[in-house]
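Asks:
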Amino acid sequence: MNVYVRLVYRNLRANLDKLSLFFELFFPLFFVFVQGSGLGGIIPPLDIGNGRVVPYQLFLAAGAVTLTVINAGTNAGTQLWFDRKNGMFEQILMGPFTRAQYILSIILATLIIGIGGSLLVFLLAFPVLGTGLLITFQGQLLIALALFLGTLFFGGLAIALSVALKSSETFQVVSTFVFFVFLFTSTVFYPAGNAPPVLQAVSYLNPLTYATDIFRAGIFDAFTSLIPLEVGILALEGAAVFTTAVVAFRRIRV
Amino acid sequence: MGDTLASQSIIEVDKLSKRFGDKAAVDEVSFEMRRGEVFGFLGPNGAGKTTTIKMLTTLLPPTSGSARVVGRDLRTEGKKIRERIGVVQQQDSFDQGLNVETSMDIYGLIWDVPKRDRRRRIDEVVKRFGMKDFLKMPTIDLSSGQRRRLQVAREFLHDMDLLFLDEPTVGLDPLVRRGILDYFKEKVKEGLSIFFTTHILEEAEYLCDRIAVINQGKIVQVDTPENLKRRFGRAKAVEFKLLEGTSRELFERLSSSDEVSKLIQDEVGGTYRVTTSRPEIVIPEIYKLAEKYGLSVSSIYIAETTLEDAFINLVTVDDVRRPDSS
Ligand SMILES: Nc1ncnc2c1ncn2[C@@H]1O[C@H](COP(=O)(O)OP(=O)(O)O)[C@@H](O)[C@H]1O
Ligand SMILES: [Mg+2]
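Taken in sequence, the protein lines are chains A and B.
Last residue of the first sequence: 1338 in this note's numbering, with the numbers rising by one and none dropped.
Last residue of the second sequence: 337 in this note's numbering, with the numbers rising by one and none dropped.
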C-alpha cells in the first residue's frame, strides 16, 4: 500500500477527536438553519455581484460552508499536537518514513477533512442552499479552488502555530482566538462593502473573506472581475503560510 | 577482512558525540555491536543512553563522529536504516483515540504489514505480554504499565533486524518484566539483534551478551557481564553471624580495620555484612576478635559479587578520578 495512504489513514483514525469533529459540522449548520432563518426576516436580500441577488439565509449558508475550512485547519494543527504530546511524532520519524512524508500526510488528512467536511455541510444545508444554486463549470472550479486554498491556508497556519506554541493549553486558546478573529472579520456573516472602512480593510486582509467570496461566486454564478484577483491573493497567502509551516516543521527539535 | 567484519557487526560507532550547548551528552563514544547480539548500555540517569539511541535511530543528528547501523551510513542512509530497525523509546508513545487492539493493528499497517500477518502477530504478543484484559480499552485509559506493554508489543508487529530498547521495562511488575525479557531472548534466538539500555543491573546481566558501562557521556568499559564482575567486582561481601547475636566491641574493632570498607549489621537477623577486597585477611580477623571477646561465630561465608558491585565500582571510581586528573 502507498505510504501516504497508510499514513493518512492512520492520521484520520488516530488523531481525529470525534467530539470536535461533530462540533465542526454542527457549528456551521447552526448558522444555516437557526441564525440564517432568524436574521433572514430583518435583512433584505443582498447583491453579490454579476446581477445576482440572494436572500440573507442563502448568503449566510454559503459562508457556513467555507467556515468549515477554519475548523479543518485547526484540526491539522491538533493532529501534529497530539502526535508530539503522545510521543508518536518521534516514533513515526524513527519508522520507515521521511519527515516530508509525515508532514504531507498531515496536510493530506487536513484537506480530506476540510474539503470533505465542507461538502458534507453543503449537502446538509442543501434544503436552504438548493433554492438558489446556479453552478456552472467555471463555478465548480471556483468551489474547488476556494475549499482547497482555504484549507491549505488554515491548515498551514495551525501547523505553524502548533510548532511555535509549546503548551497544549496555549495552542487551544490561541487557535480559538485566531479562529474567532478570522471568522468575524470575514465576509461569512456580512458583505465587506457595507461595513465601516476599518473593518473593510481588515476583511480584505483575511483569507477567509477570499475563500468565502470565491465560493459564493462559484455556487451562485456571481463571477465578477474581482474574483480572479481574489483567487490570486488567496493562492499567495496559502503558499506563504504553507511554506512557513513546512519551515517551522523542519525546525522541530526532538 | 574489513568486509567480513563489517557484515558481522550490526552497529559500528566511531567517536560519536552529541553536544547540547557546551555540554557533551555523548562524548566521543566508540563501540561495535555484533549481529545476533544483545548489547547493553548500562549507566545512571543522565549518562547519555537515550541521546545515543536517538542518534543511532536517526532522530537526532550527531554533532560529530560517524556510525553505521544495519550496514548503512547514519548520515546518508537514514531511511534505509529506519526500514530495518524497531524502537521502543523511553518516553511514552501511543495513538490516542484508539483502543489497544486497533492501535496495534494501525501501527502494523503504517509499517505495511499485510493484514493476515498483523492478525497473527497481534494474537502472539497479546498472549505473551498478557494484554487480553485491556485489549479493547482506549489507550488513553491505560495505566502506565499497560501502556508500556503496548508500546513494546507493537514493535514486534513488523519485521526488523535490530531493535532498540530504551529502558523498556520501567513501571512493569516483576512477573510481566520477566515474561517480556524472556520474549526478547526468544526473538534473539530467531535472529534479532537488540540494543538495550537500562540502569537496572540484574536486567542487563539477565539479557545482555555484552555490556557497555556508560557514565557522563563516556563508555567506561565494554565486556561480558561475567568479565565485568570478575574484573571490577573486587569488593566482596563476607557475611557472618554470632551465636551471641550482637557485640558492640567486635563491631567497633572490625569497622576500624584497614581491610574493611564497610560494615553493617542486619537489624532483623543479626547478620553482619562486611564489604572488603581482602576476605582472606578479614575472615581470620573475625575469628581472632571473636575469641578475644569470648564470642562464637555461628556461620560465615563469602557472598557472590553482584554486577551491582562492579557497576558501582566503575562509576564511582571514575567520579573519584576526575578531580585528580585535573
Ligand atoms: N534536548 C536536550 N537539551 C539539552 N540537554 C539534553 C537534551 N537531551 C538530553 N540532554 C542532557 O544530556 C545528558 C544525557 O541525557 P540522556 O541521554 O537522556 O541520559 P540517559 O538516557 O542516560 O538518562 C543529560 O545531562 C541531559 O540533561
Ligand atoms: Mg534515558
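All C-beta atoms in this analysis are idealised placements derived from N, C-alpha and C, irrespective of residue type, glycine included.
In this structure, does DSSP put Gly1157/A in helix, strand or coil?
Replies: Against the first sequence, residue 1157/A aligns to sequence position 73. If DSSP states are grouped into helix, strand and coil, Gly1157/A belongs with the helices.
Asks: Beta strand (DSSP E) containing Glu23/B: first to last residue?
Replies: For the purposes of this step, residue 23/B is identified with residue 12 of the second sequence, where counting begins at 1. Residues Ser20 to Phe31.
Asks: With 8 Å set as the bound, which would you pick, yes or no: does the beta-carbon of Gln1175/A sit closer than that to a beta-carbon of chain B?
Replies: Locating residue 1175/A in the first sequence gives position 91, counting from the first residue. Yes, its Cβ sits closer than 8 Å to a Cβ of chain B.
Asks: Near Val1153/A, what residues of its chain come up, given a Cβ to Cβ distance below 7 Å and the 5 sequence neighbours on each side ignored?
Replies: Along the first sequence, one-based indexing puts residue 1153/A at 69. Excluding positions up to five away in sequence, the list reads Gly1198, Ser1202, Leu1231, Gly1234, Thr1235, Phe1238 and Ala1295.
Asks: Once you ignore the five residues that flank Ser155/B on each side, which residues in its own chain have a CB closer than 7 Å to its CB?
Replies: Looking up residue 155/B in the second sequence gives position 144. Closer than 7 Å at the Cβ level, and outside the excluded window around Ser155/B, lie Gly182.
Asks: Verify whether the separation of the beta carbon atoms of Arg22/B and Leu67/B is less than 8 Å.
Replies: Translated into positions along the second sequence, residue 22/B becomes position 11. Translated into positions along the second sequence, residue 67/B becomes position 56. Here the sequence assigns Ile to residue 22/B, which means Arg is not the residue at that position. Yes; because the gap between Cβ atoms is below 8 Å, this pair is in contact.
Asks: Just to confirm, does Lys229/B get its C-beta within under 7 Å of one of the non-hydrogen atoms of ligand 2?
Replies: Here the question's residue 229/B lines up with position 218 in the second sequence. The answer is no for Lys229/B.
Asks: Taking the straight line between their C-alpha atoms, what separation do you get for Ala17/B and Glu43/B?
Replies: Locating residue 17/B in the second sequence gives position 6, where the first residue counts as 1. Locating residue 43/B in the second sequence gives position 32, where the first residue counts as 1. Any answer about Ala17/B is weak, because its pLDDT of 47 lies below 50 and its placement is not dependable; what the coordinates show is given next. Going from the Cα of Ala17/B to the Cα of Glu43/B covers about 10 Å.
Asks: In chain B, which residues lie less than 7 Å from Thr1162/A when you measure between Cβ atoms?
Replies: In the first sequence, counting from the first residue as 1, residue 1162/A sits at position 78. Those within 7 Å of Thr1162/A in chain B number zero; the least Cβ separation is about 11 Å.
Asks: Could you check whether the Cβ of Asn1290/A sits closer than 8 Å to any Cβ belonging to chain B?
Replies: Residue 1290/A sits at position 206 when you count from the first residue of the first sequence. For Asn1290/A, the answer is no, since every Cβ of chain B falls outside 8 Å of its Cβ.
Asks: Spell out a yes or no on whether the segment 1174–1194 of chain A and the segment 1214–1223 of chain A are touching, meaning 3 or more CB-CB pairs, one atom from each, closer than 8 Å.
Replies: Verdict: no, contact absent.
Asks: If we define contact as Cβ-Cβ less than 8 Å, is Arg1335/A a contact residue for chain B?
Replies: For this step, residue 1335/A is matched to residue 251 along the first sequence. By this cut-off, Arg1335/A is not an interface position.
Asks: Can you tell me whether Val98/B is buried or exposed? The criterion is at least 16 other CB atoms within 10 Å of its CB, across all chains shown.
Replies: The residue given as residue 98/B occupies position 87 in the second sequence. The residue in question, Val98/B, is buried, as its Cβ has 16 or more Cβ neighbours within 10 Å.
Asks: Leaving aside the five residues before and after Lys252/B along the sequence, list all residues of the same chain whose C-beta is less than 8 Å from its C-beta, in chain order.
Replies: To locate residue 252/B, count along the second sequence from 1; it is residue 241. Only Gly280, Gly281, Thr282, Tyr283, Val308, Ser309, Ser310 and Ile311 meet the Cβ criterion.
Asks: Report yes or no: is there a C-beta of chain B within less than 8 Å of the C-beta of Phe1273/A?
Replies: Within the first sequence, the letter at position 189 stands for residue 1273/A. It does not: the Cβ of Phe1273/A has no partner Cβ on chain B nearer than 8 Å.
Asks: Given the structure, does Ala1148/A come close to ligand 1, in the sense that its CB is under 7 Å from one of the ligand's heavy atoms?
Replies: For this step, residue 1148/A is matched to residue 64 along the first sequence. Result no, Cβ not under 7 Å from ligand 1.
Asks: Say yes only if the C-beta of Ala58/B is nearer than 7 Å to one or more non-hydrogen atoms of ligand 1, and no if none qualify.
Replies: In the second sequence, residue 58/B corresponds to position 47, counting from 1. Yes, Cβ of Ala58/B sits closer than 7 Å to a heavy atom of ligand 1.
Asks: Does chain A have any CB closer than 8 Å to the CB of Glu94/B?
Replies: The residue you call residue 94/B lines up with position 83 of the second sequence. Glu94/B counts as touching chain A.
Asks: Should Arg332/B go down as buried or exposed, given a rule of 16 or more other Cβ atoms within 10 Å for buried?
Replies: Translated into the one-based positions of the second sequence, residue 332/B becomes position 321. Only weak support exists for where Arg332/B lies, its pLDDT of 39 falling under 50; the coordinates are left without a value.
Asks: Tell me, please, whether the CB atom of Val163/B is closer than 8 Å to any CB atom in chain A?
Replies: To locate residue 163/B, count along the second sequence from 1; it is residue 152. Cβ-Cβ to chain A under 8 Å: no for Val163/B.
Asks: Cα-Cα, which of Val111/B, Ser41/B and Asp25/B is closest to Val233/B?
Replies: The residue labelled residue 233/B in the question sits at position 222 within the second sequence. The candidate whose alpha carbon is nearest that of Val233/B is Ser41/B.
Asks: Just grab the DSSP bridge partners of Val285/B for me.
Replies: For the purposes of this step, residue 285/B is taken as the residue at position 274 of the second sequence. For Val285/B, which the question treats as bridged, DSSP gives the partners Val249/B and Leu274/B.
Asks: Under 8 Å between the Cβ atoms of Val80/B and Thr62/B?
Replies: Looking up residue 80/B in the second sequence gives position 69. Looking up residue 62/B in the second sequence gives position 51. For Val80/B and Thr62/B, no; Cβs fall outside 8 Å.
Asks: When you compare the CB positions of Ile1298/A and Leu1318/A, do they come within less than 8 Å of one another, or not?
Replies: Mapped onto the first sequence, residue 1298/A falls at position 214. Mapped onto the first sequence, residue 1318/A falls at position 234. Going by C-beta atoms, Ile1298/A is nearer than 8 Å to Leu1318/A.
Asks: For the putative contact between Ala215/B and Gly51/B, defined by C-beta atoms under 8 Å, what is the C-beta separation to the nearest angstrom?
Replies: The residue you call residue 215/B lines up with position 204 of the second sequence. The residue you call residue 51/B lines up with position 40 of the second sequence. Yes, they are in contact, since the Cβ atoms of Ala215/B and Gly51/B sit about 4 Å apart, within 8 Å.
Asks: Per DSSP, what are the beta-bridge partners of Leu1188/A in this structure?
Replies: The residue you call residue 1188/A lines up with position 104 of the first sequence. In the DSSP output, where bridge partners are listed per residue, Leu1188/A has none listed.
Asks: Counting only Cβ pairs nearer than 9 Å, list the residues of chain B close to Leu1099/A.
Replies: In the first sequence, the residue the question calls residue 1099/A occupies position 15. Per the sequence presented here, residue 1099/A reads as Asn, with Leu not at that position. Those are Asp106, Gln107 and Gly108, listed as they occur along chain B.
Asks: I'd like to confirm the pairing. Which residues does DSSP put opposite Asn238/B in its beta bridges?
Replies: For the purposes of this step, residue 238/B is identified with residue 227 of the second sequence, where counting begins at 1. Answer is none; Asn238/B lacks a bridge partner.
Asks: Taking 8 Å as the cut-off, decide whether the C-beta atoms of Gln227/B and Thr257/B are in contact.
Replies: Looking up residue 227/B in the second sequence gives position 216. Looking up residue 257/B in the second sequence gives position 246. Against a cut-off of 8 Å, the Cβ pair of Thr257/B and Gln227/B comes out as no contact.
Asks: Taking the CB atoms as reference points, tell me whether Glu1108/A and Val1338/A lie closer together than 8 Å.
Replies: Here residue 1108/A is taken as the residue at index 24 of the first sequence, counted from 1. Here residue 1338/A is taken as the residue at index 254 of the first sequence, counted from 1. No, they are not a contact pair.
Asks: Check whether the Cβ atoms of Asn1099/A and Gln1185/A sit closer than 8 Å, and answer yes or no.
Replies: By 1-based counting over the first sequence, the position of residue 1099/A is 15. By 1-based counting over the first sequence, the position of residue 1185/A is 101. The answer is no: Cβ separation not under 8 Å.
Asks: Grouping DSSP H, G and I as helix and E and B as strand, with all else coil, what is Gly82/B?
Replies: Position 71 of the second sequence, counted from the start, is the residue given in the question as residue 82/B. Coil, per DSSP.
Asks: Ligand 2 and Asp106/B: does any heavy atom of the ligand fall closer than 7 Å to the residue's C-beta?
Replies: Locating residue 106/B in the second sequence gives position 95, where the first residue counts as 1. No - ligand 2 has no heavy atom lying nearer than 7 Å to the Cβ of Asp106/B.
Asks: If you drop the 5 nearest sequence neighbours on each side, which residues of the same chain put their C-beta closer than 7 Å to that of Ser1259/A?
Replies: Start at 1 with the first residue of the first sequence, and residue 1259/A comes out as number 175. Excluding sequence neighbours, Ser1259/A sits near Thr1158, Gly1161, Ala1242 and Leu1245.
Asks: Keeping to the same chain, check which residues put their C-beta closer than 8 Å to that of Tyr1088/A; ignore five residues upstream and five downstream.
Replies: Residue numbering aside, residue 1088/A sits at position 4 when the first sequence is read from its first letter. Same-chain partners within the cutoff: Gln1185, Leu1188, Ser1189 and Leu1192.
Asks: For Leu218/B, return the contacting residues in chain A, with the cut-off set at a CB-CB distance below 7 Å.
Replies: Here the question's residue 218/B lines up with position 207 in the second sequence. Correct list: empty, because the minimum Cβ distance to chain A is about 22 Å.
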